[in-house]
Amino acid sequence: MNYLDTLNPPQKEAVTTTQGPLMVIAGAGSGKTRVLTFKIAYLMEHGIEPFNILALTFTNKAAKEMRNRIEKIVGTEARNLWMGTFHSVFAKILRFEAEKLGYTSNFTIYDTEDSLSLIKSIVKEFNLDDKVYKPNIVFSRISGAKNRLVSWQEYNRNPVFAAEDREQMKPEMGRLYKTYCERCFRANAMDFDDLLFQTNVLFRDHIDVLNKYQHKFHYVLVDEFQDTNLSQYLITRKLAAVHQNICVVGDDAQSIYSFRGADIQNILNFEKDYPDLKTVRLEQNYRSTQTIVKVANKVIANNKMQLRKEVWTSNDTGEPIELIKAATDGDEGRLVAGSIFEEKVRGGGGVSNKDFAILYRTNSQSRSFEEALRKMNIKYRIVAGLSFYQRKEIKDLIAYLRFTLNQNDEEALKRIINTPRRGIGDATVSKIVVTANDEKVSLWEVVCNATKHLGARVGKPVEEFSVLIKEFGIVEKQKDAYETALHVANKSGLLKELFDDKTVEGRARYENVQELLNGIKGFVDMPSNEPKTLATFLQQVSLLTGADENDNDDDKVTLMTIHASKGLEFKYVYVVGMEEDLFPSQMMLSNRNDLEEERRLFYVAITRAEKKLFVSYALQRYRFGNLRLCEPSRFLDELDQKYIRTMKPSNIREAISTPQQNNLTKLAATRTLNTVAKQPPVRSGTPTQQPEIQNFVPARPEQLKVGQAVFHQKFGKGQIQQLDFEGADRKAVVFFEQAGEKVLMLSFAKLMIL
DNA sequence: GCAGCCTACATTTTT
DNA sequence: TGTAGGCTGC
């Protein structure tokens, strides 16, 4: 068991403590994944059968990686582990047990788009104002309820919810929730939240089923425990109730999914549920330089809600954090790209593109970096939401496949019934839905007998469509996923329509569909995928995310959101767009008022870096096509100043001009330089008129005094009346002459010293 | 039923 | 800036 010797004492303790409840608080970079994989390998080497171990992760990627690593230690036996994301594991269990809940085993999994579209149509049917009942808002309300295990029945019973909704001017919310659930059920569909909610229902109402799985899983392991919501937590608690061998691994400082219902209290209160809990702390960081670890510690220390923990490292001091100030978002892109180039030159051949990551708060920020990297001929890849599977043509084919398996899938039906055009317009589709509602029959029933329900003229194409689908169903029963998909793509007319479209976009769409078909072929050819049916494939696809795509290890710079970066590490990390209102996000603060979560997000970003961290912001940024003034993020003043180096304008010019020295890219770089030189750094207005950044308070909040004259973007000139510093909480009462009122300031980033 | 034009509106994060 | 939905005219 030589691999145990590679562990430090707390890691070893976490691995070898197998009996009873165990909580591993794993600081960033402390070898969390190693501990989890070794622990599972250790269990298996001690005679535990893999199918008695349940390991739950947050992403497919994490599950896949862990499985590979375990396989290296224990061999192919690892394939029999019950390991995957919460959603995929419980989708699997729900398929086994679907009949008990009134679903069939080939139920559809609705993605967010399906859910929103369903809500939209219900709001319309109810004749409600969709400005008030915005699908997003309705959906998140429903989602929130489900994640807290509040059924629509309870929701409608409990006056507290009704009161809240009335306060929000949305009294119909309970009715919407009810109808949404009924429609999902009628469609034989579960949304993401249902996969967890219904599992709870299953375990609550069917003790025999619960017992079966309780006895099956001797060991339950949960990764990223800080990101579990109540629904997930209760599932794991129930499953571990018999054997009590539950091991949760997480870091409260990296809890960044509250919008999905994640509740940091699960980890903070875990010991209350398990009085004989053993806790192990992994505090040695193996990833980053001392500078990075110290800076990160200082940032997170501003949070009040956290478990005690002191992350340290014996690594080198490393280089200081570099602060990049840019005039505009375009400049920010150029400076970051230039800096990447410079680091590569400095590092000689030892540093390559894949060592770099650019992390941002919102996906929309990627643009300026893409542009700049492209101009400098630096290869990059974007880890985005769901790019490929979100394309119209891909969703269309998938909807055909979904509908072939489940003819109650209303959202799929709406998508494909007139794609390609068959002369079935919106009016007809509404008629189908209305008829189904009125006569209390399924949509499919109406579709199959459309001439009876809707009359001969309108009904004919609809019935023809139903014949087509029935034929697909016969093929599906006889052939594997690939052959079925190919058949459907051809016979539905989808491929032909795209083939006939000779425009550039049409070509691309046709190729995308071909790529999907290739993907299905690849799925069928992979021996571990069993059975090779359409159902298995769809199940996997519906739970895919952007991060699971293209893990080809080409040498490319990675661009992604901070959320997507969790669990990853890069030698050089650029945390960009450090502007107040953007990061911390204005939305987050106004809706949820959770500054601490935004700070944890910053912490996650910092701790991705191994060797060197860069932080950047722009003074002006394009938003909705308007140039807007930005202020540096309050998080910047939380960085330990003694580790910060500011990139001076001269450095900046150097960074941009460095490419010129390099022979290999001379041509491209010269071109780049020309364009840079020709373009004024600010797209409109003159950069010299920019206020000097030193004038902004956030850099030196201690400069503030009572009586100090200040300027605020919105309120104009003012004078500080009262000051209050307490840790990260800083308050100032400012009297503004123009507005003639006193304002309590919480964000000093809004203030300038006059 | 459908294509094309126009306007209004939105940008937090994701299984 | 880009897209989604509404409106118009065929």
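All you need for my numbering is the position in the first sequence, starting with 1, plus 429. Built from N, CA and C at the ideal position, the CB exists for glycine as well. Being a predicted model, the structure only gives us computed values, none of them experimental.
Can you tell me which residues form a DSSP beta bridge with residue i?
i, result
"Ala786", "Thr987 and Val1002"
"Asp620", "Tyr539"
"Phe688", "Looking at the DSSP assignment, Phe688 forms no beta bridge with any residue, so it has no partner."
"Met452", "Val677 and Thr708"
"Asn658", "Ala691"
"Gln1148", "Ala1138 and Phe1164"
"Ala484", "Met512 and Leu650"
Would you say residue i and residue j are within 8 Å of each other, going by their C-beta atoms?
i, j, result
"Leu485", "Val651", "yes"
"Leu923", "Asp825", "yes"
"Phe999", "Ala1034", "no"
"Gly762", "Glu800", "yes"
"Glu526", "Leu631", "yes"
"Glu1009", "Pro1061", "yes"
"Leu1030", "Ile991", "yes"
"Val942", "Phe785", "no"
"Ile853", "Val891", "yes"
"Asn535", "Thr514", "no"
"Val722", "Trp741", "yes"
"Arg710", "Pro439", "yes"
"Leu436", "Phe467", "yes"
"Gln713", "Gly747", "no"
"Ile811", "Met989", "yes"
"Ile750", "Leu1011", "no"
"Asn878", "Asn617", "no"
"Lys521", "His635", "no"
Straight-line CA distance for residue i to residue j?
i, j, result
"Asp558", "Val638", "43 Å"
"Arg831", "Leu967", "7 Å"
"Leu706", "Leu842", "50 Å"
"Lys667", "Phe654", "16 Å"
"Ala1138", "Leu1152", "13 Å"
"Asp1188", "Gln1049", "The structure shown has nothing for residue 1188, since the chain only spans 430 to 1183."
"Phe1164", "Met1016", "26 Å"
"Glu601", "Arg796", "40 Å"
"Val1105", "Met598", "Annotation note: pLDDT 29 at Val1105 (below 50); position unreliable, coordinate value reported separately. Roughly 51 Å between the two C-alpha positions."
"Glu839", "Ile693", "36 Å"
"Lys1107", "Gly504", "With a pLDDT of only 27 at Lys1107, under the threshold of 50, the placement of this residue in the model should not be trusted; the figure read from the coordinates follows. Cα to Cα, Lys1107 sits roughly 60 Å from Gly504."
"Val567", "Ser546", "12 Å"
"Ala828", "Gly888", "22 Å"
"Val1111", "Leu997", "Note on Val1111: pLDDT 30, under 50, position unreliable in the model; the coordinate value appears next. One C-alpha to the other measures close to 34 Å."
"Glu442", "Pro704", "19 Å"
"Ala766", "Phe487", "32 Å"
"Ser459", "Gly679", "11 Å"
"Leu483", "Arg577", "23 Å"
"Arg1100", "Gly902", "Residue confidence is low: Arg1100 scores 26 on pLDDT, short of 50, so the model does not pin down where it sits. Its coordinate-derived value is still stated next. Cα to Cα, the separation comes out at about 57 Å."
"Leu973", "Arg1021", "28 Å"
"His644", "Asn587", "35 Å"
"Val1004", "Lys754", "12 Å"
"Ser1076", "Leu1058", "According to the sequence displayed, residue 1076 carries Met and not Ser. Cα-Cα distance, rounded: 21 Å."
"Lys783", "Val552", "47 Å"
Could you tell me the boundaries of the alpha helix (DSSP H) in which residue i lies?
i, result
"Gly513", "Gly513 -> not in any alpha helix (DSSP H); beta strand (DSSP E) instead, spanning Trp511 to Thr514."
"Tyr642", "Ile636 to Lys645"
"Asn585", "Trp581 to Arg586"
"Ile1073", "Per DSSP, Ile1073 belongs to no alpha helix (DSSP H); it is in the beta strand (DSSP E), Ile1073 to Thr1075."
"Asn431", "It is not in any alpha helix (DSSP H) - Asn431 carries neither H nor E in the DSSP assignment."
"Leu557", "No alpha helix (DSSP H) contains Leu557, which DSSP labels as neither H nor E."
"Gln440", "Pro438 to Thr445"
"Met495", "Asn489 to Val503"
"Val671", "No alpha helix (DSSP H) holds Val671; DSSP gives it neither H nor E."
"Met602", "Met602 to Arg615"
"Gln968", "Leu963 to Ser971"
"Tyr532", "Element bounds for Tyr532: n/a, residue is neither H nor E."
Between which two residues does the beta strand (DSSP E) harbouring residue i extend?
i, result
"Gly679", "Ile675 to Gly679"
Original post:
Which runs of the alpha helix (DSSP H), 4 residues or longer, sit entirely within the region 698-762?
Top reply: 699-702 and 719-729
Original post:
What residue ranges within the region 779-864 form continuous alpha helix (DSSP H) runs of no fewer than 4 residues, ordered along the chain?
Top reply: As far as the region 779-864 is concerned, its whole alpha helix (DSSP H) runs of at least 4 residues are 795-804, 816-819, 821-834 and 839-845.
**OP:** For the region 1004-1063, list the beta strand (DSSP E) runs that are entirely contained and at least 3 residues long, ordered along the chain.
**Re:** 1038-1052 and 1055-1058
Original post:
In the region 871-957, which residue ranges form an unbroken alpha helix (DSSP H) of at least 4 residues, counting only runs that do not cross its ends?
Top reply: 872-877, 879-883, 885-907, 910-920, 923-929 and 933-954
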